[in-house]
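K.L.:
Pasting a structure here, questions to come.
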Amino acid sequence: MSQQVRGVVSLAKGAPVSVETIIVPDPGPGEAVVKIQACGVCHTDLHYREGGINDDFPFLLGHEAAGVVESVGPDVTDVAPGDFVILNWRAVCGSCRACLRGRPHLCFNTHNAKQKMTLEDGTELSPALGIGAFIEKTLVAAGQCTKVDPSVRPAVAGLLGCGVMAGLGAALNTGNVNRDDTVAVIGCGGVGNAAIAGARLAGAKTIIAVDVDDKKLEWATEFGATHTVNSKLTDAVAAIQGLTGGFGADLVVDAVGRPETYRTAFYARDLAGTVVLVGVPNPEMKLELPLADVFGRGGSLKSSWYGDCLPSRDFPTMVDLHLQGRLPLEKFVSETIALDGVEEAFTKMQKGEVLRSVVVL
10 MSQQVRGVVS LAKGAPVSVE TIIVPDPGPG EAVVKIQACG VCHTDLHYRE
60 GGINDDFPFL LGHEAAGVVE SVGPDVTDVA PGDFVILNWR AVCGSCRACL
110 RGRPHLCFNT HNAKQKMTLE DGTELSPALG IGAFIEKTLV AAGQCTKVDP
160 SVRPAVAGLL GCGVMAGLGA ALNTGNVNRD DTVAVIGCGG VGNAAIAGAR
210 LAGAKTIIAV DVDDKKLEWA TEFGATHTVN SKLTDAVAAI QGLTGGFGAD
260 LVVDAVGRPE TYRTAFYARD LAGTVVLVGV PNPEMKLELP LADVFGRGGS
310 LKSSWYGDCL PSRDFPTMVD LHLQGRLPLE KFVSETIALD GVEEAFTKMQ
360 KGEVLRSVVV L
C-alpha cells in the first residue's frame with residue numbers, strides 16, 4: 010500500500026523549493042523504504058534546483074541522510090526493518106568489470122530504486138542522486154542502505170552520505186595520506202574541512218588550509234589545520250612552499266574545482282607529489298597546463314569521486330572513529346532545521362554562513 014508523506018521538491022529551474030505531498034510506493038524487488046531521521050543540505054541539492062545537474066524537473070531533493078529501514082521488498086537480505094542506515098548514492102552491482110576485479114568503489118553500474126515516487130497528480134519525481142531524502146520516508150535500492158552503529162546521532166551520521174565522506178575519502182582513499190606527510194587543502198567548506206579532518210586522522214604533520222574567507226579558515230583550524238592561508242591576500246603557491254621547506258606539499262586537495270584552484274594545486278605540490286581534485290567543476294570549465302610541466306614534475310594527478318569510498322567498508326569505520334572521539338563529525342553541523350527551512354538554508358550556504366544545515370525529522 011503506497012504512503013503519502015511530505016517532501017521538499019524543486020518544481021522548476023531557479024524557483025524556490027516547496028514542501029509537497031509525495032506518494033511513496035511499497036518497495037519492490039531489491040528496494041527498501043527508509044524513514045528519514047536527518048538529512049544534510051548539500052551544495053549538490055542547490056545545483057539540482059538551479060538546473061546545474063540536468064533538467065529532469067521536478068526533483069525530490071536531499072541525499073545526505075540517515076534513518077531507519079521501515080520495509081523491504083522481495084530478495085532483500087542485507088538490510089531488514091529496524092536497521093539504522095546511512096544512505097549512499099552508489100549501490101554497487103557486484104558484476105561489472107570493476108567489481109569483478111575487486112574494485113567495487115569504481116563500480117560502473119551503480120543503481121537506484123526502479124519505481125518512482127510521485128506527486129499527488131502522478132507526476133514522477135527525479136530523486137537527487139537517486140535518493141531524495143528531504144522527505145519523511147523515501148524509496149531507495151536496498152544496496153543504497155548501509156548499516157552502522159545506531160548509537161550515533163542521525164544528524165551526524167547522515168553527513169557521511171555525501172560531502173563529508175567525499176572529503177575524508179579524498180585524503181584517506183584517493184590521496185593516501187601517510188604519517189608525517191605535508192598536506193594542503195584548497196577550499197574549506199564541508200568537503201575541504203573533511204579532507205583536513207582526514208589528513209589529521211592519518212597523522213599528517215603539516216596541514217595547510219587555503220581559502221579566501223577568514224571564517225572558513227577558522228573552521229579549518231578546528232578540524233586540524235596547522236596553518237592557514239588567505240589566498241585573497243597571499244600567493245597560495247608561495248605560501249605553501251614556504252611552509253613545506255620550499256618544496257611544496259606531498260598532497261594537495263582541490264576542494265573547489267575551478268581552473269585557477271587546480272593550477273594552484275598543481276604548482277603547490279612537491280615534485281612527484283599528488284593532486285586530488287574533489288571539487289566539482291561545471292561542464293564549461295577548461296584547464297590549460299604546459300605539458301612539459303605535467304611530464305617534468307612527475308607524481309600523480311587524480312580525481313576523487315565520492316572520495317573513492319566503498320560505503321559498506323567506510324561508513325561503519327567512520328562512525329566508529331567518531332564514537333571513539335577521533336573524528337569530530339559533530340563540528341560539521343552548523344544548525345538543525347525543519348523541512349520548510351531548506352530554502353533559507355540554501356541562502357545561508359551561498360553566503361558561507363554554515364558548513365551544514367541539517368534537516369531533522
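Count along the sequence shown from 1, then add 9; that gives the number in this note's numbering. Positions of the beta carbon are idealized from the N, C-alpha and C atoms, including for glycine. Keep in mind that this is a model prediction, so the values were computed, not measured.
Evaluate the contact criterion for the region 234-248 versus the region 298-308: three or more CB pairs, one atom per stretch, below 8 Å.
P.N.:
Taking 8 Å as the limit for Cβ pairs, the verdict is that the region 298-308 does not touch the region 234-248.
K.L.:
On the DSSP letters alone, give me the boundaries of the alpha helix (DSSP H) that residue 275 sits inside.
P.N.:
Position 266 of the sequence shown holds residue 275. It spans 268-277 - the alpha helix (DSSP H) in which residue 275 sits, taken as one unbroken run.
K.L.:
Just mark residue 376 as buried or exposed, buried being the case when its beta carbon has 16 or more other beta carbons within 10 Å.
P.N.:
Residue 376 falls outside the range modelled here, since the chain spans only 10 to 370, and no answer is possible.
K.L.:
Rounded to the nearest angstrom, how far is the Cβ of residue 46 from that of residue 76, given a contact under 8 Å?
P.N.:
In the sequence shown, the residue the question calls residue 46 occupies position 37. In the sequence shown, the residue the question calls residue 76 occupies position 67. Between residue 76 and residue 46 the Cβ distance is about 5 Å, and since that is below 8 Å, they are a contact.
K.L.:
By how many angstroms is the C-alpha of residue 248 removed from the C-alpha of residue 49?
P.N.:
Translated into positions along the sequence shown, residue 49 becomes position 40. Translated into positions along the sequence shown, residue 248 becomes position 239. Going from the Cα of residue 49 to the Cα of residue 248 covers about 34 Å.
K.L.:
Going by Cα to Cα distance, which pick from 344, 361, 360 and 252 is closest to residue 368?
P.N.:
As a first step, residue 368 is located in the sequence shown; it is residue number 359 there, counting from the start. With distances taken between Cα atoms, residue 368 lies closest to 344.
K.L.:
State the start and end residues of the unbroken beta strand (DSSP E) segment that holds residue 150.
P.N.:
By one-based count along the sequence shown, residue 150 stands at place 141. That run of the beta strand (DSSP E) goes 146-150.
K.L.:
Residue 261 and residue 205: beta carbons closer than 8 Å?
P.N.:
The sequence position of residue 261 within the sequence shown is 252, counting from 1. The sequence position of residue 205 within the sequence shown is 196, counting from 1. The answer is no: Cβ separation not under 8 Å.
K.L.:
How about residue 144 and residue 16: are their beta carbons less than 8 Å apart?
P.N.:
In the sequence shown, the residue the question calls residue 144 occupies position 135. In the sequence shown, the residue the question calls residue 16 occupies position 7. Yes, they are a contact pair.
K.L.:
In the DSSP assignment, what are the bridge partners of residue 136?
P.N.:
By 1-based counting over the sequence shown, the position of residue 136 is 127. 69.
K.L.:
I'd like to know if the region 203-218 and the region 346-357 are in contact, where contact means that at least 3 CB-CB pairs between them fall below 8 Å.
P.N.:
With the cut-off at 8 Å, the region 203-218 and the region 346-357 do not touch.
K.L.:
For residue 231, count neighbouring Cβ atoms within 10 angstroms of its own Cβ and tell me buried if that reaches 16, exposed if not.
P.N.:
Stepping through the sequence shown from its first residue, residue 231 is reached at position 222. The residue is exposed, with fewer than 16 neighbouring Cβ atoms inside 10 Å.
K.L.:
Around the Cβ of residue 312, are there at least 16 other Cβ atoms within 10 angstroms (buried) or fewer (exposed)?
P.N.:
In the sequence shown, counting from the first residue as 1, residue 312 sits at position 303. Residue 312 should be labelled exposed.
K.L.:
Does the Cβ-Cβ distance between residue 98 and residue 12 come in under 8 Å?
P.N.:
In the sequence shown, the residue the question calls residue 98 occupies position 89. In the sequence shown, the residue the question calls residue 12 occupies position 3. Contact flag unset, no.
K.L.:
When the Cα of residue 272 is compared with those of 310, 317, 178 and 114, which residue comes out closest?
P.N.:
Here residue 272 refers to the residue found at position 263 when the sequence shown is read from its first residue. Residue 272 has its Cα closest to that of 310, out of 310, 317, 178 and 114.
K.L.:
Going by DSSP, which residues form a beta bridge with residue 345?
P.N.:
Reading the sequence shown from its first residue, position 336 is the one you call residue 345. Paired residue(s): 367.
K.L.:
Using only the alpha-carbon positions, how far apart do residue 233 and residue 318 sit?
P.N.:
Reading the sequence shown from its first residue, position 224 is the one you call residue 233. Reading the sequence shown from its first residue, position 309 is the one you call residue 318. Near 22 Å, if we compare the C-alpha coordinates of residue 318 and residue 233.
K.L.:
Beta carbon of residue 69, beta carbon of residue 180: below 8 Å?
P.N.:
The count along the sequence shown starts at 1 and reaches residue 69 at position 60. The count along the sequence shown starts at 1 and reaches residue 180 at position 171. Result no, Cβ atoms of residue 69 and residue 180 do not sit closer than 8 Å.
K.L.:
If I follow the unbroken beta strand (DSSP E) through residue 238, where does it start and stop?
P.N.:
On the sequence shown, residue 238 is found 229 positions in, with the first residue counted as 1. Taken as a continuous stretch (DSSP letters only), the beta strand (DSSP E) holding residue 238 covers 236-239.
K.L.:
According to the Cβ coordinates, are residue 186 and residue 207 closer than 8 Å?
P.N.:
By 1-based counting over the sequence shown, the position of residue 186 is 177. By 1-based counting over the sequence shown, the position of residue 207 is 198. Yes; because the gap between Cβ atoms is below 8 Å, this pair is in contact.
K.L.:
Determine contact between the region 322-331 and the region 160-175, defined as no fewer than three beta-carbon pairs at a distance below 8 Å.
P.N.:
Yes, the region 322-331 is in contact with the region 160-175.
K.L.:
Going by DSSP, which residues form a beta bridge with residue 312?
P.N.:
Position 303 of the sequence shown, counted from the first residue, corresponds to residue 312. Beta-bridge pairing links residue 312 to 286.
K.L.:
For the beta strand (DSSP E) that residue 15 lies in, which residues bound it at each end?
P.N.:
Counting from 1 along the sequence shown, the entry for residue 15 is found at position 6. 12-19 is the span of the beta strand (DSSP E), which, as asked, contains residue 15.
K.L.:
For residue 107, which residues from the same chain have a beta carbon less than 6 Å from its beta carbon, with the 5 sequence-adjacent residues on both sides left out?
P.N.:
Here the question's residue 107 lines up with position 98 in the sequence shown. Around residue 107: 115, 116 and 117.
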